[in-house]
Every structure is written in C-alpha cells, then in structure tokens.
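As structure tokens, the structure follows; a few thoughts come after it.
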Amino acid sequence: MLKGFEKILEKHDLKKTKPRISVLEILAERKSATSQPDLEQVLGKDVDRVTLYRVLKTFEEKGIIHKIIDLNGTANYAVCSSSCTEHQHHDQHVHFNCRVCLQIYCLDSVHVPQLQLPSGFTPDTVNHIVYGTCPGCNEKHLQA
Ligand SMILES: [Zn+2]
Ligand SMILES: [Zn+2]
Ligand SMILES: [Zn+2]
Numbered sequence: 001m002l003k004g005f006e007k008i009l010e011k012h013d014l015k016k017t018k019p020r021i022s023v024l025e026i027l028a029e030r031k032s033a034t035s036q037p038d039l040e041q042v043l044g045k046d047v048d049r050v051t052l053y054r055v056l057k058t059f060e061e062k063g064i065i066h067k068i069i070d071l072n073g074t075a076n077y078a079v080c081s082s083s084c085t086e087h088q089h090h091d092q093h094v095h096f097n098c099r100v101c102l103q104i105y106c107l108d109s110v111h112v113p114q115l116q117l118p119s120g121f122t123p124d125t126v127n128h129i130v131y132g133t134c135p136g137c138n139e140k141h142l143q144a
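For the sequence shown, our numbering puts the final residue at 144, and the numbers step up evenly by one.
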C-alpha cells in the first residue's frame with residue numbers, strides 16, 4: 001500500500017514526508033470523504049494542525065485531493081481521480097452529503113451535464129452536491 005502513496009507523491013514532485021504519507025493513507029482508505037476534524041483526530045499527536053493544513057493545501061493545489069464543504073460548513077477531503085492535475089481539477093462528479101451520518105460520497109458514476117454559462121463567465125470550479133439519506137442510513141431507518 002505504502003508504495004502507491006509514495007508514487008503519487010513522487011509523481012507530483014513532493015517530498016515523501018511522514019505527515020504527507022499519513023494523510024494520503026487515511027484519505028485513500030475511506031470510501032467517503034474525510035472531514036478535517038476527523039483527520040485531526042485520527043492523526044492525533046503525529047501531525048499538528050498547521051502541518052495538516054499545509055499538507056491539505058499542497059495536495060489540493062497539486063490535484064491529489066479535492067475539498068467538499070458539508071452541510072455544517074466543515075471542509076471534507078477526498079482523493080481525486082488520476083486525471084486531476086496541478087492546475088485543473090477534473091472531478092466534476094456528484095457529491096452526496098447524507099443528512100443523517102453527514103458522510104460525503106463521491107459518486108463518479110453519475111453523469112453530469114455540462115453547464116452552459118452566459119458568455120463572459122469562466123468557471124474554474126463546479127460543485128454538484130446532493131443532500132439526502134445514504135444507503136446505510138436508509139437501511140438503519142428501515143430496520144428501526
Ligand atoms: Zn481533483
Ligand atoms: Zn448516512
Ligand atoms: Zn469527490
């Protein structure tokens with residue numbers, strides 16, 4: 001596993017520091033996006049806040065991860081598809097934010113239509129976010 005993360009860092013000309021590898025490891029492991037407070041908790045004393053902030057910022061700039069703001073305004077991060085680059089993110093996928101468990105899912109398989117903006121508007125980031133109840137929470141609701 002570790003090898004893969006190291007390759008990602010190498011590809012983006014980033015030094016293989018321990019905080020970078022740890023953060024990448026956590027984010028890649030999760031099926032849903034991970035919130036910043038969550039990351040802080042999992043990393044514990046290993047990585048301080050300032051370092052974490054810097055690592056996330058670098059990863060975002062390099063096109064390794066993308067940020068999703070959840071219902072509460074908290075930043076969440078998910079690993080990007082390999083088509084993202086330093087200057088452009090290509091993950092125009094739908095995000096689903098569950099109102100019950102607050103998890104954010106990257107839904108890559110949902111087709112997203114191209115937006116036709118009026119002339120003069122140049123978009124660099126498009127967010128498609130859907131709020132509702134995720135399969136896990138729907139199931140729990142049925143059982144209750
Ligand atoms: Zn991206
Ligand atoms: Zn849920
Ligand atoms: Zn995503």
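Note that the Cβ used here is the ideal one computed from N, Cα and C, for glycine as well. Keep in mind that this is a model prediction, so the values were computed, not measured.
Annotation: Ile-26 to Tyr-131 spans about 24 Å, alpha carbon to alpha carbon. Under the three-state reduction of DSSP output, His-95 falls in the strand class. Annotation for Cys-106 indicates a beta carbon within 8 Å of some heavy atom of ligand 3. The Cβ atoms of Gly-63 and Glu-29 lie no closer than 9 Å to each other. Not one heavy atom of ligand 3 falls within 8 Å of the beta-carbon of Ala-75. The closest CA to that of Leu-71, considering only Asp-13, Gly-4, Asn-138, Thr-133, is found on Thr-133.
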